[in-house]
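A.B. asks: Residue numbers (this note's numbering), protein chains in the order written: chain Z, 2 to 362; chain D, 24 to 301.
Just passing along the structure, written as structure tokens.
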Amino acid sequence: MADAALELIGLEKHYGGAAAVAGIDLTVNEGEFVTLLGPSGCGKTTTLALVAGFLPPTAGEILLKGKSVADLPAFRRDIGVVFQDYALFPHMTAAENVAFGLKMRRVPSSETAKRVNEALDLMQLAGLGERRPLQMSGGQRQRVALARALVINPTVLLLDEPLSNLDLKLREEMRVEIVAIQRRLGITTVFVTHDQGEALVMSDRIAVMNAGRIEQIGDPAEIYERPATRFVAEFIGRTNLLSGLVTAERGVRTSGGLHLPVPVPDTLVTGSAVHVAVRPERTQLARQNPGQGLVLAAKVRQVFYLGATLEFRLDLPGGERGVVEAPNNASAARFEPGDDVWLVASFDDCRVLPARSASSG
Amino acid sequence: MRFSFARWRATAAPWALLRTFVIFVYAFSLGPILITAAVSFNGSNRSFFPPRGFSFRWWERALAPEWLDPLLFSLKLGALAAVASTLLALPLAFALHRYRFRGQQALLALTLGPLMMPTLVTGVGLLQLFQSLGWREYLGFTGLLIGHVVICMPFAVRTVSVSLHTVPPNVELAAASLGATGFATLRHVVFPLIKTGVIAGAVFAFIHSFTDVNLSIFLARPGQTPVTVKILGFLEFGFAPTLAAVSVITLLLPLVLVAVVERISGLGDFIYGEGRRG
Numbered sequence: 002m003a004d005a006a007l008e009l010i011g012l013e014k015h016y017g018g019a020a021a022v023a024g025i026d027l028t029v030n031e032g033e034f035v036t037l038l039g040p041s042g043c044g045k046t047t048t049l050a051l052v053a054g055f056l057p058p059t060a061g062e063i064l065l066k067g068k069s070v071a072d073l074p075a076f077r078r079d080i081g082v083v084f085q086d087y088a089l090f091p092h093m094t095a096a097e098n099v100a101f102g103l104k105m106r107r108v109p110s111s112e113t114a115k116r117v118n119e120a121l122d123l124m125q126l127a128g129l130g131e132r133r134p135l136q137m138s139g140g141q142r143q144r145v146a147l148a149r150a151l152v153i154n155p156t157v158l159l160l161d162e163p164l165s166n167l168d169l170k171l172r173e174e175m176r177v178e179i180v181a182i183q184r185r186l187g188i189t190t191v192f193v194t195h196d197q198g199e200a201l202v203m204s205d206r207i208a209v210m211n212a213g214r215i216e217q218i219g220d221p222a223e224i225y226e227r228p229a230t231r232f233v234a235e236f237i238g239r240t241n242l243l244s245g246l247v248t249a250e251r252g253v254r255t256s257g258g259l260h261l262p263v264p265v266p267d268t269l270v271t272g273s274a275v276h277v278a279v280r281p282e283r284t285q286l287a288r289q290n291p292g293q294g295l296v297l298a299a300k301v302r303q304v305f306y307l308g309a310t311l312e313f314r315l316d317l318p319g320g321e322r323g324v325v326e327a328p329n330n331a332s333a334a335r336f337e338p339g340d341d342v343w344l345v346a347s348f349d350d351c352r353v354l355p356a357r358s359a360s361s362g
Numbered sequence: 024m025r026f027s028f029a030r031w032r033a034t035a036a037p038w039a040l041l042r043t044f045v046i047f048v049y050a051f052s053l054g055p056i057l058i059t060a061a062v063s064f065n066g067s068n069r070s071f072f073p074p075r076g077f078s079f080r081w082w083e084r085a086l087a088p089e090w091l092d093p094l095l096f097s098l099k100l101g102a103l104a105a106v107a108s109t110l111l112a113l114p115l116a117f118a119l120h121r122y123r124f125r126g127q128q129a130l131l132a133l134t135l136g137p138l139m140m141p142t143l144v145t146g147v148g149l150l151q152l153f154q155s156l157g158w159r160e161y162l163g164f165t166g167l168l169i170g171h172v173v174i175c176m177p178f179a180v181r182t183v184s185v186s187l188h189t190v191p192p193n194v195e196l197a198a199a200s201l202g203a204t205g206f207a208t209l210r211h212v213v214f215p216l217i218k219t220g221v222i223a224g225a226v227f228a229f230i231h232s233f234t235d236v237n238l239s240i241f242l243a244r245p246g247q248t249p250v251t252v253k254i255l256g257f258l259e260f261g262f263a264p265t266l267a268a269v270s271v272i273t274l275l276l277p278l279v280l281v282a283v284v285e286r287i288s289g290l291g292d293f294i295y296g297e298g299r300r301g
């Protein structure tokens, strides 16, 4: 594909017998912002290190603009990296840090000065160029690290959990700012995080990783609304899960004996063990059985007041548990722990997922 | 307020105890130096303290070739031993810090071994080695240099290792991602960060060499004798005021060196900030 900036083909990294990265295929298009999202130990940071050239892959291919770089050392790959701990050079000023990549490329000093200033301006660091990293706040260091990685105009920008050391407010500001800069420069970016909120807000596409593999790739809405596996459904946001079996009528019979006419993907054959998943904010509580859609008898166990929303924890028949999230508006119904209620959802909001994660590559 | 023994014991007593302790430490470490310095200005022919009369006589003798030559010999030996052991320590400390390999523990033990062993034993061993190899003609400066490098290495390796540990974990990867080759990373990133430690290691090595007597007595030869060995030999004739003057010189030289380096590397310390002092 002509507009692929980065392609990973069958990428693997083993340590002894254990596979940290167990075969990854991923194409990142020119100017795209792709997030590798997963819990710690899922292989996302190892994948990043393989792309950057910090580790040699055990197997597989890495293409940058169609050219293989798997055998190139890191310093010849033309990839910008922002590290979780920023990895600024403590003995250099902010400006010297930013100039480092240009110095290594033997860019003339007048041009270097100009580009360093532009990069510092871009990251709103004008006037701070003479500070040393230890004299700067975490947010400022983060900006220096970004400026340092961007000033060399890399083919691909890699961000390794760059926001995890910032406090909440700053983190939310930086999310927006990083995306704004990324869009403005049109720079192809691979972002690694374990924070689903960051992933949803920032990404063009999200690759959800688990145990060294990609479980699902898609845009944020796709990942959130149409999770392909139970892992994806549970890792991103929260979800109500009902276990059951696919019936011959292409519906699901739950272990509680309910028959649900929910849409079953063609890949799931009759008799497969499945979960029916529905998001808490797509469910409601009702005192009366509305008689249509997904309806489950439930008992309110706990009520949490979250300000903008109310959260109800429910006991479902058969020992399963449920969560309902309701907007906290004037018409919000009041339910108390111990109330007998009905959990209600539209069948359109239900997803049928294989009970065992398909080991898709 | 009434005097409360319990409160005194809880608040004032520890400080009083600490103060007394510190005074003792200083009295015993600074006292001999001050006494020696005073003795060197004796007007008398014997080492009296407090000094009787006043003269520069002993200082004139201390600065005559008889003492100046071994002093310069010691300086030259110490400087070369410091440079050589630091140059050897750099790659060694890198290898020990950076890689995991077979025999690593053995190499470490071998390097740091002389630190644990009485220098006297190392000296006897080296002398016998030189003799059995038929290297008698290398006794004197060359032999001393080899011996001093052996006993100075642990200091240099330790300080370089410690400073390598203070290099932030990802800066080398960051440099590589910015286009720096391994050598450029070493030159522009790693070395500036460990410079202070390397210099400190060299200073330690120099002082260790300059003050050594246990090893040197076995490897010196007439005319190629460090000042410490010369002092030891002279002591057979009693503690003359000349020795007091020589002692003050041999004491001041390392102190001056440390002060100078402290000024330079102290600046470095400032640059790297609190984090490096850890």
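Cβ coordinates follow ideal geometry from the N, Cα and C atoms, glycine included.
Computed from a predicted model, the values in this text were never measured in an experiment.
Among D:P88, D:V180, D:L86 and D:S63, which has the Cα closest to the Cα of G76 (chain D)?
C.D. replies: Translated into positions along the second sequence, residue 76 (chain D) becomes position 53. Per the Cα distances, D:S63.
A.B. asks: List the residues of chain Z whose Cβ lies closer than 7 angstroms to the Cβ of A203 (chain D), in chain order.
C.D. replies: Position 180 of the second sequence, counting from 1, holds the residue named residue 203 (chain D). For the C-beta of A203 (chain D), the chain Z residues within less than 7 angstroms are, from N- to C-terminus, F76 and M105.
A.B. asks: So A223 (chain D) contacts chain Z; which residues on that side make the cut at Cβ distance below 9 angstroms?
C.D. replies: Here residue 223 (chain D) is taken as the residue at index 200 of the second sequence, counted from 1. By Cβ distance, chain Z contributes nothing, its closest Cβ being about 16 angstroms from A223 (chain D), past 9 angstroms.
A.B. asks: Please determine, among Z:A234, Z:F232, Z:R206 and Z:L317, the residue with the shortest C-alpha to C-alpha distance to Q300 (chain Z).
C.D. replies: To locate residue 300 (chain Z), count along the first sequence from 1; it is residue 299. The residue asked about is misnamed: residue 300 (chain Z) is Lys in this sequence, not Gln. When each option's Cα is compared against that of K300 (chain Z), the closest is Z:L317.
A.B. asks: Buried or exposed for H92 (chain Z), going by 16 or more other Cβ atoms inside 10 Å?
C.D. replies: Within the first sequence, residue 92 (chain Z) is the residue found at index 91, counting from 1. The residue is buried, with at least 16 neighbouring Cβ atoms inside 10 Å.
A.B. asks: Can the beta-carbon of K253 (chain D) be found closer than 7 angstroms to that of P141 (chain D)?
C.D. replies: Indexing the second sequence from 1 puts residue 253 (chain D) at position 230. Indexing the second sequence from 1 puts residue 141 (chain D) at position 118. Contact: no.
A.B. asks: What residues from the stretch 194 to 220 of chain D come within 9 angstroms of chain Z, judged by C-beta to C-beta, listed N to C?
C.D. replies: Taking 9 angstroms as the Cβ-Cβ cut-off, the stretch 194 to 220 of chain D approaches chain Z at V194, E195, L196, A197, A198, A199, S200, L201, G202, A203, T204, G205, A207, T208, H211, V212, P215, L216 and K218, given in chain order.
A.B. asks: Would you be able to state if there are at least three C-beta pairs under 8 angstroms between the stretch 237 to 257 of chain Z and the stretch 267 to 279 of chain Z?
C.D. replies: As far as the Cβ criterion goes, the stretch 267 to 279 of chain Z touches the stretch 237 to 257 of chain Z, which means the pair count is three or higher.
A.B. asks: Can you find the residues in the same chain that come closer than 6 angstroms, C-beta to C-beta, to M137 (chain Z), ignoring five residues on each side of it along the sequence?
C.D. replies: Along the first sequence, read from residue 1 onward, the residue named residue 137 (chain Z) stands at position 136. For M137 (chain Z), where only same-chain residues beyond five positions count, there are no Cβ hits under 6 angstroms.
A.B. asks: Would you mind sorting E195 (chain D) into buried or exposed? The rule is 16 or more other CB atoms within 10 Å of its CB.
C.D. replies: Your numbering for residue 195 (chain D) matches position 172 in the second sequence. Buried: at least 16 other Cβ atoms inside 10 Å.
A.B. asks: Using Cβ-Cβ distances below 7 angstroms, what residues of the stretch 85 to 116 of chain D are close to chain Z?
C.D. replies: Those would be none; no residue qualifies.
A.B. asks: Candidates Z:E13, Z:I80, Z:A148 and Z:L89: which alpha carbon is nearest T113 (chain Z)'s?
C.D. replies: Here residue 113 (chain Z) is taken as the residue at index 112 of the first sequence, counted from 1. Comparing Cα-Cα distances from T113 (chain Z) to each of Z:E13, Z:I80, Z:A148 and Z:L89, the minimum goes to Z:A148.
A.B. asks: Apart from the five residues just before and just after G163 (chain D), which ones in its own chain have a Cβ nearer than 8 angstroms to its Cβ?
C.D. replies: On the second sequence, position 140 is the one that residue 163 (chain D) refers to. If we look at G163 (chain D) and ignore the five residues flanking it on each side, its Cβ neighbours are L242, A243, R244, G246 and Q247.
A.B. asks: Could you give the distance in angstroms between the alpha-carbon of T28 (chain Z) and the alpha-carbon of I207 (chain Z)?
C.D. replies: On the first sequence, position 27 is the one that residue 28 (chain Z) refers to. On the first sequence, position 206 is the one that residue 207 (chain Z) refers to. Taking the straight line from one Cα to the other gives about 12 angstroms.
A.B. asks: With respect to the alpha helix (DSSP H) encompassing E226 (chain Z), which residues constitute its N-terminal and C-terminal limits?
C.D. replies: What you label residue 226 (chain Z) is simply residue 225 of the first sequence in a count that begins at 1. E226 (chain Z) -> alpha helix (DSSP H) spans P221 to E226.
A.B. asks: For A116 (chain D), I'd like the list of residues in its chain whose CB is within less than 7 angstroms of its CB, leaving aside the five on either flank, ordered along the chain.
C.D. replies: What you label residue 116 (chain D) is simply residue 93 of the second sequence in a count that begins at 1. Same-chain partners within the cutoff: V180, V183, S184 and L187.
A.B. asks: Counting only beta-carbon atoms, is H92 (chain Z) nearer than 7 angstroms to chain D?
C.D. replies: Locating residue 92 (chain Z) in the first sequence gives position 91, counting from the first residue. True, the Cβ-Cβ gap to chain D drops below 7 angstroms.
A.B. asks: Report the neighbours of F84 (chain Z) on chain D: residues whose CB is nearer than 8 angstroms to its CB, in chain order.
C.D. replies: Position 83 of the first sequence, counted from the first residue, corresponds to residue 84 (chain Z). By Cβ distance, chain D contributes N193, L196 and A197.
A.B. asks: Considering only the beta carbon of each residue, do Q217 (chain Z) and V233 (chain Z) sit closer than 7 angstroms?
C.D. replies: As a working mapping, residue 217 (chain Z) is identified with position 216 in the first sequence. As a working mapping, residue 233 (chain Z) is identified with position 232 in the first sequence. Result yes, Cβ atoms of Q217 (chain Z) and V233 (chain Z) sit closer than 7 angstroms.
A.B. asks: Chain D partners of I182 (chain Z), CB-CB under 8 angstroms?
C.D. replies: Residue numbering aside, residue 182 (chain Z) sits at position 181 when the first sequence is read from its first letter. In chain order: nothing, as chain D lies at least about 18 angstroms away.
A.B. asks: Can you pull the chain D neighbours of R149 (chain Z), defined as C-beta to C-beta under 9 angstroms?
C.D. replies: As a first step, residue 149 (chain Z) must be located in the first sequence, where it is residue number 148. Within 9 angstroms Cβ-Cβ: A197 and L201.
A.B. asks: Have a look at D:L280, D:F262 and D:P277 and flag the residue whose alpha-carbon is nearest the alpha-carbon of N65 (chain D).
C.D. replies: Taking the second sequence and counting its residues from 1, the one referred to as residue 65 (chain D) is at position 42. For N65 (chain D), the nearest C-alpha among the options comes from D:F262.
A.B. asks: Over what stretch of residues does the alpha helix (DSSP H) that includes L307 (chain Z) continue unbroken?
C.D. replies: Along the first sequence, one-based indexing puts residue 307 (chain Z) at 306. Per DSSP, L307 (chain Z) belongs to no alpha helix (DSSP H) and is neither H nor E.
A.B. asks: Give a yes or no on whether 7 angstroms exceeds the smallest Cβ distance from G296 (chain D) to chain Z.
C.D. replies: Looking up residue 296 (chain D) in the second sequence gives position 273. Because G296 (chain D) carries a pLDDT of 42, less than 50, the predicted location of this residue cannot be relied on, and the following value inherits that uncertainty. Yes, G296 (chain D) lies at the interface with chain Z (some Cβ there is under 7 angstroms from its Cβ).
A.B. asks: Below 8 angstroms CB to CB, which residues in the same chain sit around R231 (chain Z) once its five sequence neighbours on both sides are set aside?
C.D. replies: Translated into the one-based positions of the first sequence, residue 231 (chain Z) becomes position 230. The residues are L242, H276, A278, L354, P355, A356 and S358.
A.B. asks: Pull up the DSSP beta-bridge partners for W31 (chain D), would you.
C.D. replies: Residue numbering aside, residue 31 (chain D) sits at position 8 when the second sequence is read from its first letter. The partner list for W31 (chain D) (beta bridge, DSSP) is empty, contrary to what the question assumes.
A.B. asks: Let's see if you can read the secondary structure: which residues bound the alpha helix (DSSP H) around S67 (chain D)?
C.D. replies: Locating residue 67 (chain D) in the second sequence gives position 44, counting from the first residue. Unbroken run through S67 (chain D): none, as it is neither H nor E.
A.B. asks: Enumerated in chain order, which unbroken segments of the beta strand (DSSP E) with a length of 3 residues or greater are wholly contained in the stretch 216 to 263 of chain D?
C.D. replies: none
A.B. asks: Please give me, in chain order, every unbroken run of the beta strand (DSSP E) with length at least 3 that falls completely inside the stretch 285 to 358 of chain Z.
C.D. replies: The qualifying runs are 295 to 306, 310 to 316, 322 to 328, 341 to 346 and 352 to 355.
A.B. asks: Check the Cβ-Cβ distances between A53 (chain Z) and every residue of chain D, and say whether any is below 7 angstroms.
C.D. replies: Counting from 1 along the first sequence, the entry for residue 53 (chain Z) is found at position 52. Judged by the 7 angstroms Cβ criterion, A53 (chain Z) is in contact with chain D.
A.B. asks: For G272 (chain Z) and chain D, any beta-carbon pair shorter than 7 angstroms?
C.D. replies: As a first step, residue 272 (chain Z) is located in the first sequence; it is residue number 271 there, counting from the start. No - not a single Cβ of chain D is within 7 angstroms of the one on G272 (chain Z).
A.B. asks: What are the residues of the stretch 312 to 327 of chain Z that lie near chain D, defined by any Cβ-Cβ distance shorter than 7 angstroms?
C.D. replies: none
A.B. asks: Starting from S244 (chain Z) and walking both ways along the alpha helix (DSSP H), at which residues does that stretch end?
C.D. replies: Residue 244 (chain Z) sits at position 243 when you count from the first residue of the first sequence. Careful: S244 (chain Z) lies outside any alpha helix (DSSP H), inside the beta strand (DSSP E) at N241 to V247.
A.B. asks: Report the option in Z:G292, Z:G245 and Z:T284 whose CA atom is closest to the CA atom of G319 (chain Z).
C.D. replies: The residue given as residue 319 (chain Z) occupies position 318 in the first sequence. Comparing Cα positions, the closest option is Z:G245.
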